[in-house]
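Working notes, structure below.
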Amino acid sequence: AQSVTQLDSQVPVFEEAPVELRCNYSSSVSVYLFWYVQYPNQGLQLLLKYLSGSTLVKGINGFEAEFNKSQTSFHLRKPSVHISDTAEYFCAVSAGDDKIIFGKGTRLHILP
Amino acid sequence: EAQVTQNPRYLITVTGKKLTVTCSQNMNHEYMSWYRQDPGLGLRQIYYSMNVEVTDKGDVPEGYKVSRKEKRNFPLILESPSPNQTSLYFCASSLWDSSYNEQFFGPGTRLTVL
């Protein structure tokens, strides 16, 4: 069975600074990987996903993530954050069996 | 507009009083799912449905029921709610294979059981 770990429950970062949100997964088979974002008082929406091919995946709002098979990681990055990026971010993994497992989430706090 | 709708958005009830949270999607998606979100625990899947009349348990199905009589609707039923079911609930839908397709989430239903 697969699992996903988000190493940081909260990440504070100054506006216009870069940010990295960490995600590690475990699985005995090939996986699909996702990052979802939840803005305050809203449902989740997809930021980006990795299915196959290029390990660097670009998503919406300037976010990108890199799939690293050897380190079983899928960290999310943005070179310069904005106050509007304040949200909770969820990493998720699927092994192609119609089940998707979500991490516990990382709250991104943007400091002025 | 493509969307997933949930009703009600907020609900306060008492222990043992049966309730239903409705979920509807207008994207003709085969796959629908219910999650609960609790602080520090992230999202946990309650039930999911691959298509009409096909439902299956997720990770935390105890105390919940679902039905899928129509493709667009996937109600969540709490026959006898208890305080440990106080949570934020999300309905989601996707194309038939949810493994690699984007899931579209509803706005959430905040349930409090006293």
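Protein chains in written order, with the working numbering: chain C, 59 to 170; chain B, 112 to 225. We put the beta carbon where it would ideally sit given N, CA and C, even for glycine. It should be emphasised that the depicted structure is a prediction, and the values quoted were computed from it without experimental measurement.
Residue nearest to residue i in terms of C-alpha spacing, selected from the options
i, options, result
"T166 of chain B", "B:L187, B:G151, B:L152, B:P192", "B:L187"
"L102 of chain C", "B:W207, B:D208, B:V115, B:H140", "B:V115"
"H140 of chain C", "C:E74, C:D66, C:A59", "C:E74"
"N99 of chain C", "B:Q136, B:E190, B:R120, B:N195", "B:R120"
"E181 of chain B", "B:L122, B:N137, B:V125, B:T126", "B:N137"
"K176 of chain B", "B:W145, B:L154, B:T223", "B:W145"
"S61 of chain C", "C:V69, C:S86, C:Q68, C:G120", "C:S86"
"N139 of chain B", "B:A113, B:L199, B:Y158", "B:A113"
"S138 of chain C", "C:Q68, C:L169, C:E146", "C:L169"
"K128 of chain B", "B:P218, B:F215, B:L199, B:P194", "B:P194"
"V224 of chain B", "B:G217, B:Y158, B:L189", "B:L189"
"D66 of chain C", "C:K157, C:F148, C:L105, C:L109", "C:F148"
"K157 of chain C", "C:K136, C:L104, C:V89, C:S110", "C:V89"
"L154 of chain B", "C:Q64, C:I118, C:T144", "C:Q64"
Residue i versus residue j - alpha carbon distance
i, j, result
"V71 of chain C", "F201 of chain B", "29 Å"
"V95 of chain C", "K168 of chain B", "25 Å"
"T133 of chain B", "S128 of chain C", "43 Å"
"Y83 of chain C", "L130 of chain B", "36 Å"
"L152 of chain B", "K162 of chain C", "5 Å"
"S198 of chain B", "D149 of chain B", "6 Å"
"L91 of chain C", "T220 of chain B", "26 Å"
"Y97 of chain C", "P172 of chain B", "27 Å"
"Q156 of chain B", "E78 of chain C", "27 Å"
"S152 of chain C", "A59 of chain C", "10 Å"
"F215 of chain B", "L104 of chain C", "8 Å"
"Y46 of chain C", "V125 of chain B", "Since the displayed chain C opens at 59 and closes at 170, residue 46 of chain C lies outside it and no answer follows."
Residues near residue i by beta carbon distance below 6 Å, same chain, minus five either side
i, result
"C141 of chain B", "At residue 141 of chain B the sequence reads Glu, which differs from the Cys that was named. Hits under 6 Å: N162, W207."
"M143 of chain B", "S160, F185, S204"
"G154 of chain C", "none"
"R165 of chain C", "Q68, E146"
Buried/exposed call for residue i, threshold 16 Cβ in 10 Å
i, result
"P192 of chain B", "buried"
"N212 of chain B", "buried"
"I159 of chain C", "buried"
"D170 of chain B", "exposed"
Residues of its chain near residue i, where Cβ-Cβ distance is below 8 Å and the 5 sequence neighbours each way are ignored
i, result
"E227 of chain B", "This structure leaves residue 227 of chain B out entirely; chain B is present only between 112 and 225."
Identity of the residues DSSP links to residue i by a beta bridge
i, result
"I201 of chain B", "Inspection of the sequence shows that residue 201 of chain B is occupied by Phe rather than by Ile. According to DSSP, F201 of chain B bridges with B:Y146."
"K180 of chain B", "Its beta-bridge partners do not exist; DSSP assigns none."
Contact set for residue i: own chain, Cβ-Cβ below 7 Å, skip 5 residues either direction
i, result
"E124 of chain C", "T113, L114, H133"
"R183 of chain B", "S135, Q136, N137"
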